[in-house]
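Student: Each residue of the sequence shown is one higher than the one before, starting from 146 at the first, in our numbering.
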Amino acid sequence: MIVDRGTRGKLAKYFDVSRPLTVTLKIDGRATYDFCCFGVDGDDKLSDDRYMIFYNQLRAPAGEIVGEEISSGMNFTVKLNDLPSTIQKLVFTASIDGAGTMGEISRHELSIGDELSATFGGGDFEREKAITSLEIYRKNGEWRFNVVARGFNGGLDALLAFYGGEQSDDDETSTTSTPEPTIEPPTPKKISLEKKISDGAPKLISLVKPLKVQLEKRNLQDVVARVALILDISGSMSSSYSDGTVQEIVNKILPVAVQFDDDGELDFWYYGSECERRPSVNMRNYESAVPADWENLMSKLGYGNEEPTVMREVIAEYESSTLPAYVVFVTDGGIYTTDKIKRLLIDASYLPIFWQFVGVSGSGYGVLENLDNMTGRYVDNANFFALDDFRRVPNEELYSRLLNEFPAWLKACKSNGVLDGSAKSQRPSSTKSFGDKIKGIFNW
Numbered sequence: 146m147i148v149d150r151g152t153r154g155k156l157a158k159y160f161d162v163s164r165p166l167t168v169t170l171k172i173d174g175r176a177t178y179d180f181c182c183f184g185v186d187g188d189d190k191l192s193d194d195r196y197m198i199f200y201n202q203l204r205a206p207a208g209e210i211v212g213e214e215i216s217s218g219m220n221f222t223v224k225l226n227d228l229p230s231t232i233q234k235l236v237f238t239a240s241i242d243g244a245g246t247m248g249e250i251s252r253h254e255l256s257i258g259d260e261l262s263a264t265f266g267g268g269d270f271e272r273e274k275a276i277t278s279l280e281i282y283r284k285n286g287e288w289r290f291n292v293v294a295r296g297f298n299g300g301l302d303a304l305l306a307f308y309g310g311e312q313s314d315d316d317e318t319s320t321t322s323t324p325e326p327t328i329e330p331p332t333p334k335k336i337s338l339e340k341k342i343s344d345g346a347p348k349l350i351s352l353v354k355p356l357k358v359q360l361e362k363r364n365l366q367d368v369v370a371r372v373a374l375i376l377d378i379s380g381s382m383s384s385s386y387s388d389g390t391v392q393e394i395v396n397k398i399l400p401v402a403v404q405f406d407d408d409g410e411l412d413f414w415y416y417g418s419e420c421e422r423r424p425s426v427n428m429r430n431y432e433s434a435v436p437a438d439w440e441n442l443m444s445k446l447g448y449g450n451e452e453p454t455v456m457r458e459v460i461a462e463y464e465s466s467t468l469p470a471y472v473v474f475v476t477d478g479g480i481y482t483t484d485k486i487k488r489l490l491i492d493a494s495y496l497p498i499f500w501q502f503v504g505v506s507g508s509g510y511g512v513l514e515n516l517d518n519m520t521g522r523y524v525d526n527a528n529f530f531a532l533d534d535f536r537r538v539p540n541e542e543l544y545s546r547l548l549n550e551f552p553a554w555l556k557a558c559k560s561n562g563v564l565d566g567s568a569k570s571q572r573p574s575s576t577k578s579f580g581d582k583i584k585g586i587f588n589w
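1) Whose CA, out of 381, 250, 400, lies closest to the CA of residue 350?
2) Looking at residue 526: is its Cβ nearer than 8 Å to the Cβ of residue 506?
3) If the criterion is Cβ atoms closer than 8 Å, does the pair residue 212 and residue 198 meet it?
4) Using beta-carbon positions only, say whether residue 417 and residue 450 come within less than 8 Å of one another.
5) Can you tell me whether residue 492 is buried or exposed, with buried defined as 16 or more other CB within 10 angstroms of its CB?
6) Taking the alpha-carbon of residue 284 as reference, which of 391, 476, 155, 466 has the nearest alpha-carbon?
7) For the beta strand (DSSP E) containing residue 283, list its first residue and its last residue.
8) Does DSSP put residue 461 in a helix, in a strand, or in coil?
9) By a C-beta neighbour count over all protein chains shown, 10 Å radius and 16 as the cutoff for buried, is residue 467 buried or exposed?
10) Where do the ends of the alpha helix (DSSP H) carrying residue 377 lie?
11) Less than 8 Å separating the beta-carbons of residue 446 and residue 419?
12) Just to confirm my understanding: we take residue 352, look at its own chain, exclude 5 residues before and 5 after, and list those with CB closer than 7 Å. What are they?
13) For the beta strand (DSSP E) containing residue 486, list its first residue and its last residue.
14) With burial defined as no fewer than 16 other Cβ atoms inside 10 Å of the residue's Cβ, what is the status of residue 172: buried or exposed?
15) Between the Cα of residue 178 and those of 210, 244, 191, spot the shortest distance and give me the residue it belongs to.
16) Measure the C-alpha to C-alpha separation of residue 276 and residue 247 and round it to an integer number of angstroms.
17) Check residue 453 in the structure and name its three-state DSSP category.
18) Near residue 146, what residues of its chain come up, given a Cβ to Cβ distance below 8 Å and the 5 sequence neighbours on each side ignored?
19) Among 220, 230, 249, 490, which residue has its Cα nearest to the Cα of residue 237?
20) Here's a check: name, in chain order, each residue in its chain whose Cβ is nearer than 6 Å to the Cβ of residue 370, leaving out the five neighbours to either side.
21) Of the residues 203, 242, 359, 291, which one's Cα is nearest the Cα of residue 174?
22) Starting from residue 235, trace the beta strand (DSSP E) both ways and give me its first and last residue.
23) Look at the alpha carbon of residue 166 and the alpha carbon of residue 257, and state the distance between them as a whole number of angstroms.
24) Where does residue 291 land, buried or exposed, given buried means 16+ other C-beta within 10 angstroms?
25) Let's see if you can read the secondary structure: which residues bound the beta strand (DSSP E) around residue 501?
26) With distance defined between alpha-carbon atoms, name the residue in 360, 389, 378 nearest to residue 403.
27) Which class does residue 335 belong to by DSSP, given the choice of helix, strand or coil?
28) Does the distance from the CB of residue 549 to the CB of residue 518 come in under 8 Å?
29) Bridge partners for residue 202 per DSSP, in chain order?
30) If residue 512 and residue 483 are in contact, beta carbons under 8 Å, what's the gap, nearest whole angstrom?
31) Can you tell me whether residue 497 is buried or exposed? The criterion is at least 16 other CB atoms within 10 Å of its CB, across all chains shown.
32) Among 395, 343, 338, 346, which residue has its Cα nearest to the Cα of residue 356?
33) Comparing C-alpha positions only, which one of 380, 373, 504 sits nearest to residue 439?
34) Can residue 196 and residue 184 be called in contact, C-beta distance under 8 Å?
35) Do you know whose CA, among 500, 294, 286, lies nearest residue 264's CA?
What follows is the structure in C-alpha cells.
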C-alpha cells in the first residue's frame with residue numbers, strides 16, 4: 146500500500162506487531178546521507194542514548210532495534226514488544242553530512258515491512274538538511290505510525306533537539322499533514338565529530354570519546370575557533386622526533402581542530418632559531434605532518450629556540466580574526482627570552498588568541514611556569530603544563546589539561562571586548578599591527 150505524507154494508522158491493521166518489523170529508509174542524491182532511529186520517552190526526549198541507532202551504534206541494548214547499512218540507506222529491524230516502557234516513540238530520520246539540501250535529492254523512499262511504502266522527491270522539500278521520515282509510537286496501548294516526511298533547516302542538529310510533535314487523536318488512517326516545526330536549535334557537534342573522524346581519520350577514532358567528555362564538562366561543544374599547533378624543532382627535541390612523540394602530538398591535537406574549526410584544519414608552525422609555517426594539517430595529511438627528513442628541517446631552522454619569532458607570526462595571523470584562536474605551543478624548555486615573551490603575551494592579551502603552552506620531556510621552562518603571576522595583561526590569555534612523556538598520559542587527562550583554562554578565557558573575552566575587536570584600541574603597543582610591522586621590515 147502506497148501512503149502519503151501525513152498518513153497515520155494502527156500498525157496492527159497491517160502487521161503482526163509481536164514479530165520483528167523492518168523499516169527501510171533510502172535516499173538517492175549527490176550528498177552523503179546519515180540515517181538514524183531515535184527511541185524517545187513520553188516527553189519526546191532521548192533520555193537513554195543507547196536507543197539512538199545510527200552508523201556508529203547499530204544495536205540497542207537487548208537487540209530491540211538493530212540497524213543495517215544498505216546501499217543508499219539503512220534497514221532498521223524493530224522488536225516493538227521488547228522495547229522498554231520508557232521508549233514511547235521511535236523517530237526515523239535522514240540527514241545530510243556536509244553540503245547540499247533535501248531539495249536537491251532525486252528520491253527518498255521509506256517502507257514499513259512489505260505492506261506500506263512512500264516515495265518523495267526533491268520537490269517535496271526545500272533547503273532543509275534533515276528529514277523526519279517516520280514515527281512509530283504508542284497510544285492507548287497500541288503501536289501506531291505517522292508518515293511525517295518533514296524537513297529541518299538545521300540538519301541533524303535540529304533532529305537532536307526535536308524528536309516529533311503532538312500526535313493526532315484519530316484512530317484510523319488519515320491524511321492530515323503534520324505542520325512543519327519551526328525551531329532554531331543549538332548546533333551540537335556530537336555526531337559530526339565522530340562521523341568526520343571515523344570517515345577521515347579512522348586511526349584516531351579512540352580519541353573522540355575522551356575529547357568529547359572534556360568538551361561536554363566545559364560546555365565547549367558549540368565553540369567555533371581557529372586552532373593552531375606550534376612545534377619546537379630545536380636540537381634538544383631530536384629524541385622526541387625520532388621516537389614518534391612529535392607525531393603523536395599532531396595526532397592528538399588534530400581532533401581538537403576537527404571539533405572547533407569550521408574547516409577542520411590545524412594551522413601549523415615549526416620553530417627553532419627561526420620559524421616556518423607549514424601547510425595546514427588535516428585528516429588527509431596528518432600522518433606526514435612530521436617530515437621523514439625532519440633532521441633537515443631542524444638544520445634549516447637552526448638548533449636554538451627563539452619563541453618570540455614564531456609568536457610574532459602567530460599574532461600577525463590572528464590579530465584581525467573574527468574568531469577566537471586556540472594555540473597549542475609545544476616546547477621542551479630552555480626558554481630564556483623572558484622579557485620578549487612577556488611583552489608579546491601582554492600585547493596579545495587584547496587579541497582573540499589563547500596560548501596553551503605544553504612542556505614535553507624538557508626543563509627550564511622559565512617564564513611559562515609563572516604565567517599565573519604575570520601582570521599587565523588585559524585578560525589572562527595563557528596556560529602552561531609540563532609532561533614527562535606525552536604518549537603515556539591518558540587521553541582524557543590530556544584533553545582535560547589542554548582545555549582547562551580555555552573556557553574562562555572565552556568568558557572573559559566576551560565580556561571585555563576581545564572577541565568583538567573593541568579591546569584592540571586599548572593596546573599599549575603602537576597602533577601599527579604586527580602584520581604591518583612585518584610587512585614593513587621585509588618591504589612586502
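Here a beta-carbon is modelled for each residue, glycine too, at the ideal position from N, C-alpha and C. Computed from a predicted structure; not experimentally measured.
Tutor: The structure says:
1) Working through the sequence shown from its first residue, we reach residue 350 at position 205. For residue 350, the nearest C-alpha among the options comes from 400.
2) Along the sequence shown, one-based indexing puts residue 526 at 381. Along the sequence shown, one-based indexing puts residue 506 at 361. Cβ atoms of residue 526 and residue 506: not closer than 8 Å.
3) In the sequence shown, the residue the question calls residue 212 occupies position 67. In the sequence shown, the residue the question calls residue 198 occupies position 53. Yes.
4) Residue 417 sits at position 272 when you count from the first residue of the sequence shown. Residue 450 sits at position 305 when you count from the first residue of the sequence shown. For residue 417 and residue 450, yes; Cβs fall inside 8 Å.
5) Counting from 1 along the sequence shown, the entry for residue 492 is found at position 347. Buried.
6) Within the sequence shown, numbered from 1, the residue matching residue 284 stands at position 139. Answer by Cα proximity: 155.
7) Numbered from its first residue, the sequence shown carries residue 283 at position 138. 275 to 284 is the extent of the beta strand (DSSP E) around residue 283.
8) Reading the sequence shown from its first residue, position 316 is the one you call residue 461. In the structure shown, residue 461 sits in a helix (DSSP, three-state: H, G or I).
9) In the sequence shown, the residue the question calls residue 467 occupies position 322. By the neighbour-count rule (16 or more Cβ atoms within 10 Å), residue 467 is not buried but exposed.
10) The count along the sequence shown starts at 1 and reaches residue 377 at position 232. Premise fails: residue 377 lies in the beta strand (DSSP E), 371 to 377, not in any alpha helix (DSSP H).
11) What you label residue 446 is simply residue 301 of the sequence shown in a count that begins at 1. What you label residue 419 is simply residue 274 of the sequence shown in a count that begins at 1. Against a cut-off of 8 Å, the Cβ pair of residue 419 and residue 446 comes out as a contact.
12) Position 207 of the sequence shown, counted from the start, is the residue given in the question as residue 352. Spatial neighbours of residue 352 in its own chain (CB-CB distance under 7 Å, excluding positions within 5 residues in sequence) are listed in chain order as 397, 400, 540.
13) Position 341 of the sequence shown, counted from the first residue, corresponds to residue 486. It is not in any beta strand (DSSP E) - residue 486 instead sits in the alpha helix (DSSP H) that spans 483 to 493.
14) Indexing the sequence shown from 1 puts residue 172 at position 27. Counting Cβ neighbours within 10 Å, residue 172 comes out buried, since at least 16 surround it.
15) Position 33 of the sequence shown, counted from the first residue, corresponds to residue 178. Residue 178 has its Cα closest to that of 244, out of 210, 244, 191.
16) As a working mapping, residue 276 is identified with position 131 in the sequence shown. As a working mapping, residue 247 is identified with position 102 in the sequence shown. The straight-line gap from Cα to Cα measures roughly 8 Å.
17) Against the sequence shown, residue 453 aligns to sequence position 308. Looking at residue 453 - three-state DSSP - the assignment turns out to be helix.
18) Here the question's residue 146 lines up with position 1 in the sequence shown. The residues are 159, 260, 261, 262.
19) For the purposes of this step, residue 237 is identified with residue 92 of the sequence shown, where counting begins at 1. Nearest option by C-alpha distance: 220.
20) Locating residue 370 in the sequence shown gives position 225, where the first residue counts as 1. The residues are 405, 468, 469, 471.
21) Translated into the one-based positions of the sequence shown, residue 174 becomes position 29. Selected option, being the one with the closest Cα: 242.
22) Indexing the sequence shown from 1 puts residue 235 at position 90. Its beta strand (DSSP E) spans residues 234 to 241.
23) Translated into the one-based positions of the sequence shown, residue 166 becomes position 21. Translated into the one-based positions of the sequence shown, residue 257 becomes position 112. One C-alpha to the other measures close to 7 Å.
24) Looking up residue 291 in the sequence shown gives position 146. That one is buried.
25) Along the sequence shown, one-based indexing puts residue 501 at 356. Run containing residue 501: 498 to 508, per the beta strand (DSSP E) assignment.
26) Position 258 of the sequence shown, counted from the start, is the residue given in the question as residue 403. Comparing Cα-Cα distances from residue 403 to each of 360, 389, 378, the minimum goes to 360.
27) Against the sequence shown, residue 335 aligns to sequence position 190. Confidence at residue 335 is low in this model, with a pLDDT of 44, below 50, so its placement is unreliable and no value can be given for it.
28) Residue mapping note: residue 549 aligns to position 404 of the sequence shown, counting from 1. Residue mapping note: residue 518 aligns to position 373 of the sequence shown, counting from 1. No, these two residues do not count as a Cβ contact at 8 Å.
29) Taking the first residue of the sequence shown as 1, we reach residue 202 at position 57. Partner(s): 199.
30) Numbered from 1 along the sequence shown, position 367 holds the residue referred to as residue 512. Numbered from 1 along the sequence shown, position 338 holds the residue referred to as residue 483. With a Cβ gap of about 4 Å, residue 512 and residue 483 count as contacting.
31) Counted from its first residue, the sequence shown places residue 497 at position 352. Answer is buried; the Cβ neighbour count reaches 16.
32) As a first step, residue 356 is located in the sequence shown; it is residue number 211 there, counting from the start. Minimum Cα distance to residue 356 is reached at 338.
33) In the sequence shown, the residue the question calls residue 439 occupies position 294. Taking only the C-alpha atoms, the option nearest residue 439 is 380.
34) Counting from one through the sequence shown, the residue named residue 196 turns up at place 51. Counting from one through the sequence shown, the residue named residue 184 turns up at place 39. Against a cut-off of 8 Å, the Cβ pair of residue 184 and residue 196 comes out as a contact.
35) For this step, residue 264 is matched to residue 119 along the sequence shown. That would be 294, whose Cα lies nearest to the Cα of residue 264.
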